[in-house]
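Each remark here refers to the structure printed beneath this line.
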Amino acid sequence: MVPTADLYIGVEGQTYLLEVGVADNLPYPVVLGRDLPVLLDLVKPVQQCNIVITRAMAKQPEEAIQTLSTLPFYDVDLAMGIPKSRKSKRQKRRAKLEYNASQLPVESTCNLTPHVQLPTNIIALQQKDVSLAVCLQKANQETTGEGPTNDKGEHFVFEQGILYRQIGLVKQLVVPQDTREVVLHLSHSIPWAGHLGKKKTTARIKRHFYWPGLETDVAQYCKSCPDCQKVSIKRPSRVPLQPLPVISTPFERLGMDVVGPVEKSCAGNRFLLVITDYATRYPEVFPLKSVKAKYVATCLVQFFSRVGLPAEILTDQGTNFMSNLLKQVYQLLGIKSLRTTPYHPQTDGLTERFNQTLKQMLRKFVGETGRDWDQWLPYLLFAYREVPQASTGFSPFELLYGHEVRGPLTLLKEVWEGDHGESEPINIVSYVLQMRERLEKMRTLAQTHLMEAQKHQKTWYDQSARERGFVVGDRVLVMLPSQESKLLAKWQGPFEIRNQLGPTTYEVVIPGQDRASRVLHVNLLKKWVSRPEQRAQVMMIRHVKEEEEWEDQYLPRPVAGNIHLEHLPEDQQSQVRALCTPETFSEYPGLTSLIQHDVILKPDAAVRRMSYRIPERLQEDLKEEVNLMLRLGIIEPSKSEWCHPVVLVPKKDGSIRFCIDFRYLNSVSQFDSYPTPRIDALIDRLGKAKYLTTIDLSKGYWQIPLTQQARPLTAFRTPWGLFHFRVLPFGLHGAPATFQRLIDQVLHGLTFAAAYLDDIVIYSTTWEEHVQHLQEVLQRLQEAGLTVNPAKCAVARTETEYLGFVIGNGVVRPQVNKVQALEEAPIPQTRKELRSFLGMAGFYNRFIPHFSSRAALLTDMVGVRCPNQCQWSEERMTAFRDIQSALRENAVLYSPDFDQEFIVQTDASERGIGAVLLQGPPGERRPVAFISRKLFPREVRYSTIEKECLAVKWALDSLRYYLLGREFKLETDHKALQWLERMKNTNGRITRWYLAMQPFRFTVQHVPGKSNVTADYFSRCIHEMPEGRGCVMAESVATH
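Quick note: the numbering used here has the sequence shown finishing at residue 1219, numbered continuously throughout.
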């Protein structure tokens, strides 16, 4: 008795559950038999080449011999002989035609029978499917007569236990999640479906089936179809034009190309060697009998003898230009060889355009046989060199010789004008000086015209272009033209990106060719969209007795995180869940291809090499953090000369936050002043919204890749080696600008979505509009490669918090009153506290009418002879409230002007911290908002400099919506904070606080205490306020 076992066997992408016998000794690991349904499909005909053919073989039908001979242990002598019948002439002709057709190359056989599993327990699958819970509930309600009326005419009913969706006369079977892949496959991928697009595929499915999120699933399935991606005729958007450098020295850079083969001339020439000068646009053409490297080298030597040796020669990657002979010629003559990328002639556009012009000119002059084309070259070259070139504005002759040459029109003009006598003689020195001056002027004008022409060309070219790129490790399809047939011009791949060599060139690994990799332009590449790995459909299933084990084989589809939708009705929840795909809603950061962050160093920036020692007790946590970032592709090993210190910031839960001290890099790099949106304009746009969704990206900075040249600048040292970031790290002061630029690009053209840095909001007036708007934004985020953190999103809210405001139901109100710190300030109890209040109020006395008389009763209470404890009468209390009310009026409070500079004043006392946001010229500054809070018990024990630094950090965090992405001033009366940016403080707390402030761009200025009265007052008047209570900055909309 042979033991048996149930095994999954994968054959050509299909997985089969088979009962197999187990033997000790077999010639092969697996021997397949006739119980495998696709055995005959695997056994392909082979071409026999037998020197000796036996009588038995001759009697076998040729096809049967070819098929069976590939089986293991096949024996010809054991094959059953079949008598050969005599064929008629008609049968022989038909056999001959069939034989000729069989010799044609066939890439693949068409299999019309899809190998898919068709489950029969559709009722059980519907009942246990979580995604159909809403549909099942509606069907049960309609069965009992409790279902609500539906304006769409949509009804869910049960027929024979099967759930259907009824719309008008169309009855759609509701498909459970485990069988949707079968429906998608049959409706798109098989020959009967034809690989149609998402609209036609959706229409085909809706005639018979339905499930929540059907359109989204169909769109993703069609988008990730391997066959559709490879044969798609739609080319991806081209990238913006990269202008070539303007060459000013004649014959410094040459372009070279070969035209041909053309009609053989009488002299035996079949090719044209074209050479163009990038400075003067001067062309030269050599007719050649062959384009071998030795003939090309001979022409180059002849050309160099007239114009001198160039510094660079730009060619394509033809074998003659890449030969060792030309490499030796270049090396001996000190010439640098430049090459274009394959199938991208635009790099040498000057030469390619001249080739077209030359061929058009030749067609108009050659004879009927076309064998005299090389005789016309001198005349046509003169014609081209004499006329002004479109980009330079001058003819090649003028830029080369400094004057116009005599041509046919010049001769005609001289004949008509007659003889005017000889011109005045001029000495050689004067002639040379005049010629030099004339050439210099013409060269300057030509450069100006070239730059204007490039700008004009780029403007037109970029109208249909957009930024597009890839990162190392991405899989792409490559478009390589085929000369055999246009039908064979498919996208090839997918292949992997090995390296990025320039802004638009990538090194792609293409296995199976002579060269392991090729350098290609980005316009020839298209991103490969892969499907989630799933087990292939099983064609035949044997009965399994253990029901529990069978149920465990079905894995639930991943859901889109913890999105809170409890506030919505169930039907609206299902619509939102259908849009929230796991690919977009994920706690893991994505990686965009729309933009890259670059760090541009200032001139003479020195390399920085320093690091802090990591405490022994934190090294284990650091190692886990480094390994996690390596797995996620956030960092990679580095060989950089730079090195920044690592700082570990403890979190509230006891874990650590990994930070890098980029203070020096920020100080020697250029600041990106990309504008951030005006908050007041954003808030005005949201005022009438009835439905709002706020979106927060998962580790937003980590979803932006760094450029190749910026990565080494972010290097840091650990006990396990040197690493640098592959993505944008936290702490670079240019990060907010890059992030805002990315979000603006993603949401470009959408009037229903806005973003302030990483705070994205979608707003609509109706539910139907909001669903469409949400789908459009999520689709754009997915196309950009961005992921959303589901835990930090508020989806389809009627009221939500955004940028310090509570927005919803057509109402906008401040989240916290921006004068709350002033309103909750306690009544001064001592003479010192009252003096502090009057000092703060007196700072704005120019904005308070009759301030002196209104505050007279209060100033009388701070005299030297007055008691230390304030005695409050009704008149004095009225005067105090009057001054408080005057400070809250719009005459004092200032609506922020985002075109002016902000000033932040901070101060700390023994009990609290306070700050004020100001604007205006010196002497006329007015407050925008006041903020303050009480110190926590642990903070009371901080040193003075720690309290002052805490006040700065808390103020910047509270005012971040107004300060991030802008340069501002920070004023403090604590002198030590002037050196905050350069201080080498061993205090870990201060270091961590400053690292958290790295995204802000500010300068610290010391001011005397008498000029910092507002912040000083709010840092001291907090002893009756709740612990930690403060005021978050609110927008000027509240005062409109």
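Idealized CB from N, CA, C, for every residue including glycine.
Which residue marks the beginning of the alpha helix (DSSP H) containing Glu762, and which one marks its end?
No residue range can be given for Glu762, since it is assigned to no alpha helix (DSSP H) and is classified by DSSP as neither H nor E.
Quick check: what's the CA-CA separation for Ser310 versus Val687?
Approximately 41 Å, taken between the alpha carbons.
Are Ala318 and Leu348 close, meaning C-beta to C-beta below 9 Å?
Taking 9 Å as the Cβ cut-off, Ala318 and Leu348 do not qualify as a contacting pair.
Can you list, in chain order, the residues of its chain whose CB lies under 6 Å from that of Lys377, leaving out five sequence neighbours each side?
In chain order, Val397, Ala398, Cys401 place their CB closer than 6 Å to the CB of Lys377, counting only its own chain and leaving out the 5 sequence neighbours on each side.
Looking at the strands, I want to know which residues DSSP matches up with Met658.
Paired residue(s): Trp670.
Along the chain, where does the beta strand (DSSP E) containing Asp1247 start, and where does it finish?
Because the chain here runs from 180 to 1219, residue 1247 falls outside it and cannot be looked at.
DSSP puts Gly487 in a beta bridge; with which residues?
Paired residues: none, contrary to the question.
Can you give the Cα-Cα distance for Thr459 and His903, rounded to whole angstroms?
Spanning the alpha carbons of Thr459 and His903 requires a straight line of approximately 45 Å.
Are the CB atoms of Leu304 and Thr381 nearer to each other than 9 Å?
Not a contact, by the Cβ cut-off of 9 Å.
With a 10 Å radius around its C-beta and 16 neighbouring C-beta atoms as the bar for buried, classify Cys1045 as buried or exposed.
Counting the other Cβ atoms within 10 Å of the Cβ of Cys1045 gives fewer than 16, which makes it exposed.
List the endpoints of the continuous beta strand (DSSP E) containing Arg1117.
If you look at Arg1117, you'll find it isn't in any beta strand (DSSP E); it sits in the alpha helix (DSSP H) that goes 1116 to 1119.
Enumerate in chain order the residues of its own chain whose CB-to-CB distance from Val717 is below 7 Å, with the five nearest sequence positions on each side excluded.
With a pLDDT of 34 at Val717, under the threshold of 50, the modelled position of that residue is not reliable, and no figure is offered here.
In terms of residue numbering, what span does the beta strand (DSSP E) encompassing Gln345 cover?
Its beta strand (DSSP E) spans residues 341 to 346.
Assuming His364 and Cys404 are in contact, meaning their beta carbons sit under 8 Å apart, how far apart are those beta carbons, in whole angstroms?
Contact annotation, His364 with Cys404: C-beta distance approximately 10 Å; criterion of less than 8 Å not satisfied.
Please state the DSSP three-state secondary structure of Met630.
Correct three-state label for Met630: helix.
Using alpha carbons as the reference points, say which of Gln919, Arg1117, Leu747 lies closest to Arg1090.
Looking from the CA of Arg1090, the closest CA among Gln919, Arg1117, Leu747 belongs to Arg1117.
Identify, in the order they occur along the chain, each residue of the same chain with its Cβ nearer than 7 Å to the Cβ of Ala889, setting aside the five sequence neighbours on each side.
Here the set comprises His776, Asp777, Val778.
For the beta strand (DSSP E) containing Asp938, list its first residue and its last residue.
For Asp938, the enclosing beta strand (DSSP E) begins and ends at 938 to 943.
Can you tell which of Gly497, Tyr935, Leu892, Arg710 has the C-alpha that lies nearest to the C-alpha of Ala784?
Closest by alpha carbon: Leu892.
For the region 365 to 399, list the alpha helix (DSSP H) runs that are entirely contained and at least 4 residues long, ordered along the chain.
Positions of the alpha helix (DSSP H) runs, each at least 4 residues long and wholly inside the region 365 to 399, are given as 377 to 385 in order along the chain.
Identity of the residues DSSP links to Thr872 by a beta bridge
Note: Thr872 is bridge-paired with Ile941 in the DSSP secondary-structure output.
Sequence-distant residues of its chain with Cβ nearer than 8 Å to Asn202 (five each side left out)
Before going further, note that residue 202 is Ala rather than Asn in the sequence given. Apart from sequence neighbours up to five positions away, the residues of its chain that approach Ala202 with a beta-carbon distance below 8 Å are Val181, ordered along the chain.
How do the region 918 to 926 and the region 839 to 847 stand: do at least 3 beta-carbon pairs fall below 8 Å, yes or no?
Result no; under three Cβ-Cβ pairs closer than 8 Å.
Cutting at 7 Å between CB atoms, please list the residues of its own chain near Gln887, excluding the five before and the five after it.
In the same chain as Gln887, and ignoring 5 residues on each side of it, the C-beta atoms closer than 7 Å to its own belong to Gln679, in chain order.
In the DSSP output, which residue or residues are listed as bridge partners for Cys838?
Looking at the DSSP assignment, Cys838 forms a beta bridge with Val826.
Which residues bound the alpha helix (DSSP H) around Ala933?
Residue range 932 to 935 is occupied by the beta strand (DSSP E) that includes Ala933, with no alpha helix (DSSP H) assigned at that position.
So, with DSSP's three-state summary, where would you put Asp923?
Under the three-state reduction of DSSP output, Asp923 falls in the helix class.
Does the distance from the CB of Val1083 to the CB of Leu1142 come in under 9 Å?
Remark: C-beta atoms of Val1083 and Leu1142 approach each other more closely than 9 Å.
Contact set for Met259: own chain, Cβ-Cβ below 6 Å, skip 5 residues either direction
Only weak support exists for where Met259 lies, its pLDDT of 47 falling under 50; the coordinates are left without a value.
Would you tell me roughly how many angstroms separate the C-alpha atoms of Ala644 and Phe1081, rounded to the nearest one?
Spanning the two alpha carbons is a distance of roughly 38 Å.
For Leu168, count neighbouring Cβ atoms within 10 angstroms of its own Cβ and tell me buried if that reaches 16, exposed if not.
Outside the displayed range of the chain (180 to 1219) lies residue 168, so it cannot be described from this structure.
Please confirm whether Ser943 and Ala894 have their CB atoms less than 9 Å apart.
For the 9 Å CB-CB criterion, Ser943 and Ala894 do not form a contact.
Determine the direct distance from the alpha carbon of Thr930 to that of Pro524, and round the result to whole angstroms.
For the pair Pro524 and Thr930, the Cα-to-Cα distance works out to about 40 Å.
Would you list the one or two residues that DSSP bridges to Ala1094?
By DSSP's assignment, Ala1094 forms a beta bridge with Thr1085, Ile1110.
Residues bridged to Val464 (per DSSP)
In the DSSP output, where bridge partners are listed per residue, Val464 has Val453.
Three or more C-beta pairs closer than 8 Å, one from the region 613 to 626 and one from the region 569 to 588: is that the case here?
Output reads yes: the region 569 to 588 touches the region 613 to 626.
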